[in-house]
Structure formats: structure tokens, C-alpha cells
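Read the structure below first, then the notes.
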Amino acid sequence: MHAAHDRNAGISWFRTRGGRRFGIEFGLIIAVKLVLLTVLWFVCFRPHPRPDTSPAAIETHLLAPAESSHDR
Amino acid sequence: MIDDSVVTLSRLQFALTALYHFLFVPLTLGLSWLLAIMEAVYVMTGREVWKRMTQFWGILFGINFAMGVATGVTMEFQFGTNWAYYAHYVGDIFGTPLAIEGLMAFFLEATFVGLFFFGWDKLSRTKHLIVTFLLALGTNLSAVWILIANAWMQNPVGSEFNFETMRMEITDFGAVIFNPVAQSKFVHTVSAGYVLGSMFVLSISAWYLLRGRNLDFAKRSMTVAASFGLASALSVVVLGDESGYTVSENQKMKLAAIEAMWDTEPPPASFTAFGFPDVAERTTHLAIHIPWVMGLIGTRSLDGVLPGINQLEEEAEQRIANGVRAYTAMQKLRANRDDSEARAEFELHKADLGYALLLKRVMTDPAHANAGEIKAAAVSTIPNVPVLFWSFRLMVGCGMYFIALFAYSFWLASRRELDRHRWYLKVALWSLPLPWLAIELGWIVAEYGRQPWAIEGVLPTALGVSSVTAAQVATSLVGFMLFYSALAIVDAFLMLRYARRGPDGLGMWPEQSTGPARPRLATATH
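Quick note, the sequences are listed as chains B and C, same order. The end of the first sequence is residue 72 by our numbering, with every number in the run present. The end of the second sequence is residue 1526 by our numbering, with every number in the run present.
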């Protein structure tokens, strides 16, 4: 294929006004989403204590008698 | 302590986020290949309309990508917050493909998304086409690694339990990667995504034809969608059969529940096309059986036996009893690592250790289980039969409908009569939600059918939850629902806005080139 023929002809739609607006919206969506996810993390997850996954806790969880709701 | 409300809320939260995430993923999978096909035609023919088609459908692809990206991250939040014991128990294995997916596939995909949108003026046609192909490849590679992780949960190969660390460890990474369940799930899942992508293009194009807008553009798009969609819809059924075959080998209870097969039938087993499963009576009312079909599909033989739910429950009882022996031996071994008798006992029964852990839901100490408690735990190995039975049949029904619709579309496209029947265009338009429905039902069958296991035969779901309170899980669940609802509204708004504006409204493809509105354009050039 000749180089001249291989070249993308004309201005891409993404360089037009509408295309630029789409590009801004595309970037904004991702940026806002990342901000919301971060907020979600700090509001919904961060305040709670971390689950205890120390080796001793795992051993207790799997081996020692565990009280289940069926037993209550 | 196992709190049932924590288990239920954690499962609900994971199910909602996974089902929501998978509204976006299959469309990305399918549209990316359709873009590659359209752009390949542009590069081969040099006709501007194909470039514009690639760009227009690329816009809708971009909205879907931007809205979907990172919605899966919240599931990884949950492995740490709600499923901490799961993460500890199997994290060495499950975490590896997840990490590879992030490092290898997602970065590849994200990089080429940027190049796809902003590289049109910077790259030659051929180079841009390569970018589009690599974009499609990246999205599919993402699916490979996620499905390898998921398949390991369905069929935990290449690993074993280490009683000293109290967790599963990899023994053969090759076996994890080349897990036959992963292979069959991958091809079935991605081809379902291709069907969705094709239906998306077909339906929106049908809407343009109904409105008499963008006629050439829409008909070309429908022709590509019909061809790719027909091949994909046929593939979904064939590859779904392969997926079903692996289930019959590794998850017999799931298969029996899908079929509502209460008792073992003489081979080859029949397929229950219709019926009303009755869990209390353990029977299926008004069942319509098709002789031989299930036996042939499930075993690919005339003499292969597919066990029924009642027999599998009896087998589970035996495995739970063996698991109790392994559990007791493990307790002795942890007290005295030189106890050779306990070690031999543990090695003999360790494959059934997970079954003993099922007892944690019905009693305090599995080592002292009696027959009644073992029986109750065995009953808990039966998933929700009616939900699986109907989900599977609805999914299969949708699959058959897709074949018919795409075959008819292909036939119309080959005769250049896509705009001949308004009823067909309306059917194509209103079929848009069906691939999403089928795909979500497929995941319900796969994941709900795995219950009560998080890892089949290894770790019960209830034991995977964190030591958190129900209130904590409820708080994060509400947060996710608000977040995802907001995203869904924005997504629907943007998709509808760009689809309604269309190539003509966006100034992509001149309206005048599409000819007058409404009349049939059987002579239009394709």
C-alpha cells in the first residue's frame, strides 16, 4: 500500500468541536468516577475496623468451635 | 462466629456489583471487534463511510468503556472488606490472575483506547487499524484472566491445602491457567459479548431505518452486525454446550439442579424442556422430557450416568463424614506435627476437608458431628433448583432466538432488503435488552449454581465472610447502590443522547448522502 494512500485523509471527527466535546466528556466521566470511588471508600469503608485476618484469627475461624446463627 | 445476615448481605453486595459490572463488559468485548471489522473494511476499500462508521460506533464504545471502567474495582474492594477470610484462604491462587489482568490486559486495553480516539490524525490507516485490533485483543485478554480466576472457583485445580499456613497454595500454575473450565467459560463468555455487541449495532441501526435517517450508514452497520452476530450466536450455543460438558464433569450437583433431575435416570438421561420443580416434594410437576438429550449433551455417550440430586446428596453425606476425619486429624496435627498417624489420616481424607467445613453452618464443632448434623449439611449442598432451572431455560431460549433473528437479518442483508419490513426493524429494535438478560442469567446459573461453595468442594461461602457486622456491610451496600444508580443514569443519558443524534446529528456523515427518508433502498450500494 502506498504511503499517500495509507494516510488517514481529512480532519478526524474527534478534532472537530463535537469530537472535542466528546473527548472532554470521556475524560470527565472517568475523573468524576474515580473521585466518587475515592469518596465511597472514605465514607463507607474507611471508618470500619479492618477484619482480623491474623494467623490466630484464621485458626479460630476455621478450627475452633464457631457459634453460628443456627445455634443461637 | 458466622452471622447469616452478614453472609447474605455480603453475597447480595457482590452479586449486585458483579451483575452491574457485567452490563458493560460484554458490550466492550463485542463492540471492539465490530470496530476492528469496520475499520478493516475502511483500510481495504478506502471508503470514507466505513471510517465514519468506525468512529460513530467508537463513540458509543467509548461511553460504555468510560462508564464501565473501574466498576469492577469495587469487587476487589469487597475481597478485602467483606470476604477477608476468602481472600486469606485462596488469595495466593485467586489473586494471581487478578493481578496479571490488571498489569497486562487492562493497561493494554486502556492504552489502546486512548490511541483509538486520539490517533486518527497521528497514525496511518494501517497503524490505526492495528491499534483497534490491539484494543479488541486487550479487552479479550482481560476476560481471559478474570475467567481463569473464576474458573478456579468452579474447578480448583493446581492447588492444595496447607494445614500449617491454613490456606490454599498453588502447586501447578499451568494447571490453573489451562483449567478446562476456564477455556470453555472464556469462549462462551466472549462469544456472548459478541452477540451483545452485534445486537447493539443491529438495534440502533434498525431505529435509524425506522426513522428514515442515516440509511446507507445504518444498513452497512446492520450487515456487519448480522454477519458477526450470526457467527457469534451459533458459537455461543456450541461453546455453551462445551461449558455444560465441563459442568457435568466438575459440578454434578449444579448440573442436576439446572435439570431438576431429582433421581438418577438410566443412561442416556432425558432433558427436561419444561416443568415446575417442587423442592419440598423433590419432583418436577408437568415435566416435559425429551429422551436421551441430556445424557448425550452431558456425557457425550449413550452409557454415561448423570447422577440425580438425591444420589449426590448421599455422596455428599459420605464426603462430609470423610471431611470430619480430615478435620479431626488436622486438629491433632496442629497440636503435634510429628503425629504420623494423624498425618496419614489427614492425607487420606484431605480432599474432603471442605465438606467438613459445611458443618460450621449447622453446628459449633465439626469434629463432633452426629448423623443428623451431617445430613443437614448434605442437604445444604443443593442449590436453589427452581431459580437455576428457569434461569437456564430462559438463557437458552434467548440464545435460540438470537440465532433466528441474526439468520433472518443475514438473509435480508444478503438480499439488500434490510429496510423492507417495518415489523422486522421493530423486532430488531426491541430485542436490544435480550442479550443483556441472557448474559446476566448465565452468570446467575454459574454463580448461584455453585452455592453453597465459594470454592467448589473447598471453601463454603459462609466461611469466606469477614468478621464484620451486618450494619457495616449494609452501609457499604447502600453506598454502592447510590454510586451505581448515579452511573446508570449518566450512562443511559449519554448513550441515548449520542445514539439519537446519530452520525448525521453529530456531523459525521452527511444526511444528503443517505438519500430521501423512508422509501425502500433495495438498490443502495453496500
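Don't be surprised by glycine CBs; every beta carbon is placed ideally from N, CA and C. Computed from a predicted structure; not experimentally measured.
Hey, how far is the Cα of residue i from the Cα of residue j?
{"i": "C:M1253", "j": "C:L1312", "result": "7 Å"}
{"i": "C:R1416", "j": "C:S1205", "result": "15 Å"}
{"i": "C:R1325", "j": "C:L1358", "result": "14 Å"}
{"i": "C:A1517", "j": "C:R1213", "result": "Legend: pLDDT at C:A1517 = 41, less than 50; position of this residue unreliable, value from coordinates given subsequently. Answer to the nearest angstrom: the Cα atoms are 6 Å apart."}
{"i": "C:I1439", "j": "C:A1015", "result": "14 Å"}
{"i": "C:V1458", "j": "C:E1039", "result": "47 Å"}
{"i": "C:A1471", "j": "C:R1343", "result": "42 Å"}
{"i": "C:L1027", "j": "C:T1139", "result": "10 Å"}
{"i": "C:S1301", "j": "C:P1383", "result": "26 Å"}
{"i": "C:V1041", "j": "C:S1203", "result": "21 Å"}
{"i": "C:K1185", "j": "C:A1143", "result": "10 Å"}
{"i": "C:V1176", "j": "C:R1420", "result": "51 Å"}
{"i": "C:A1149", "j": "B:I11", "result": "43 Å"}
{"i": "B:S68", "j": "C:P1460", "result": "Caution is warranted here: a pLDDT of 41 is assigned to B:S68, below 50, making its placement in the model unreliable, and no coordinate value can be reported."}
{"i": "C:I1455", "j": "C:S1235", "result": "28 Å"}
{"i": "C:A1367", "j": "C:M1067", "result": "49 Å"}
{"i": "C:F1346", "j": "C:S1340", "result": "10 Å"}
{"i": "C:W1443", "j": "C:D1338", "result": "46 Å"}
Near residue i, what residues of its chain come up, given a Cβ to Cβ distance below 7 Å and the 5 sequence neighbours on each side ignored?
{"i": "C:H1088", "result": "R1167"}
{"i": "B:P55", "result": "none"}
{"i": "C:A1369", "result": "V1324, L1359 and M1363"}
{"i": "C:L1196", "result": "P1026, L1027, G1030, P1435, W1436 and I1439"}
{"i": "C:D1303", "result": "P1267"}
{"i": "B:T53", "result": "none"}
{"i": "C:S1243", "result": "S1184, K1185 and H1188"}
Can you tell me whether residue i is buried or exposed, with buried defined as 16 or more other CB within 10 angstroms of its CB?
{"i": "C:Q1512", "result": "Residue confidence for C:Q1512 is low, a pLDDT of 44 falling below 50, so the modelled location carries little weight; the figure read from the coordinates is stated next. Flag for C:Q1512 reads exposed."}
{"i": "C:S1198", "result": "buried"}
{"i": "C:A1462", "result": "buried"}
{"i": "C:L1496", "result": "exposed"}
{"i": "C:W1430", "result": "exposed"}
{"i": "C:M1294", "result": "buried"}
{"i": "C:T1126", "result": "exposed"}
{"i": "C:M1261", "result": "buried"}
{"i": "C:M1330", "result": "buried"}
{"i": "B:I24", "result": "exposed"}
{"i": "B:R46", "result": "exposed"}
{"i": "B:H5", "result": "Below a pLDDT of 50, predicted positions are generally treated as unreliable, and B:H5, at 45, falls in that range; the measurement from the model is reported next regardless. The residue is exposed, with fewer than 16 neighbouring Cβ atoms inside 10 Å."}
{"i": "B:L28", "result": "exposed"}
{"i": "C:P1156", "result": "buried"}
{"i": "C:D1352", "result": "buried"}
{"i": "C:E1373", "result": "buried"}
{"i": "C:H1349", "result": "buried"}
{"i": "C:N1250", "result": "buried"}
{"i": "C:S1005", "result": "exposed"}
Using a Cβ-Cβ cutoff of less than 6 Å, which residues in the same chain neighbour residue i once the five nearest sequence positions on both sides are dropped?
{"i": "C:S1248", "result": "L1255 and G1298"}
{"i": "C:H1128", "result": "G1119"}
{"i": "C:R1361", "result": "A1462"}
{"i": "C:F1000", "result": "No statement about residue 1000 of chain C is possible, as the shown extent of chain C runs from 1001 to 1526 and does not include it."}
{"i": "C:L1441", "result": "S1391, L1394 and M1395"}
{"i": "C:Y1355", "result": "R1319, I1320 and G1323"}
Looking only at C-alpha atoms, which of the options sits nearest to residue i?
{"i": "C:L1477", "options": "C:I1002, C:D1003, C:S1010 and C:S1005", "result": "C:S1010"}
{"i": "C:P1510", "options": "C:F1056, C:D1003, C:L1034 and C:W1411", "result": "C:F1056"}
{"i": "C:T1189", "options": "C:S1232, C:A1175 and C:A1218", "result": "C:S1232"}
{"i": "B:V35", "options": "C:G1507, C:L1487, C:I1146 and C:A1499", "result": "C:L1487"}
{"i": "C:N1336", "options": "C:E1164, C:K1375 and C:N1082", "result": "C:E1164"}
{"i": "C:A1207", "options": "C:F1410, C:V1396, C:G1502 and C:F1389", "result": "With the sequence shown as reference, residue 1207 of chain C is identified as Trp, and Ala is not the correct amino acid for it. C:W1207 has its Cα closest to that of C:G1502, out of C:F1410, C:V1396, C:G1502 and C:F1389."}
{"i": "C:H1289", "options": "C:G1304, C:I1374 and C:E1265", "result": "C:E1265"}
{"i": "C:L1210", "options": "C:V1445, C:E1447, C:P1268 and C:V1427", "result": "C:V1427"}
{"i": "C:F1406", "options": "C:E1169, C:L1432 and C:A1273", "result": "C:L1432"}
{"i": "C:D1003", "options": "C:S1466, C:R1052 and C:L1239", "result": "C:S1466"}
{"i": "C:P1097", "options": "C:G1399, C:M1395, C:L1215 and C:F1178", "result": "C:F1178"}
{"i": "B:P51", "options": "C:W1033, C:N1082, C:T1246 and C:L1333", "result": "C:N1082"}
{"i": "C:M1153", "options": "C:G1507, C:L1141, C:Y1086 and C:G1174", "result": "C:Y1086"}
{"i": "C:E1076", "options": "B:L37, B:A31 and B:R17", "result": "B:L37"}
{"i": "C:N1162", "options": "C:V1090, C:L1286 and C:E1281", "result": "C:V1090"}
{"i": "C:S1159", "options": "C:F1389, C:G1193, C:G1046 and C:F1094", "result": "C:F1094"}
Sorted by chain position, which residues of the same chain lie with C-beta nearer than 8 Å to residue i's C-beta, five sequence neighbours on each side aside?
{"i": "C:L1035", "result": "T1054, W1057, G1058, F1061, F1116, T1132, L1135 and A1136"}
{"i": "C:N1064", "result": "F1024, L1027, T1028, L1031, D1491 and M1495"}
{"i": "C:E1314", "result": "A1378"}
{"i": "C:W1145", "result": "P1097, L1098, I1100, E1101, M1104 and A1105"}
Cβ of residue i within 8 Å of any heavy atom in the ligand GDP?
{"i": "C:L1027", "result": "The ligand GDP is not among the ligands present in this structure, which contains no ligands whatsoever."}
Interfacial residues, the segment 1120-1132 of chain C to chain B, with Cβ spacing under 8 Å: W1120, D1121, L1123, S1124, R1125, T1126 and H1128
field: Members of the segment 1436-1460 of chain C near chain B, C-beta cut-off 7 Å
entry: none
task: May I ask you to list, following chain order, the residues of the segment 1056-1067 of chain C that have a beta carbon less than 7 Å from some beta carbon of chain B?
output: I1059, G1062, A1066 and M1067
task: Please list the residues of the segment 1081-1104 of chain C that have a C-beta atom closer than 7 Å to any C-beta atom in chain B, keeping them in chain order.
output: T1081, A1084, Y1085 and H1088
message: Along the segment 1310-1332 of chain C, where does the CB come closer than 7 Å to a CB of chain B? Name the residues.
response: Q1331
message: Along the segment 1274-1288 of chain C, where does the CB come closer than 8 Å to a CB of chain B? Name the residues.
response: none
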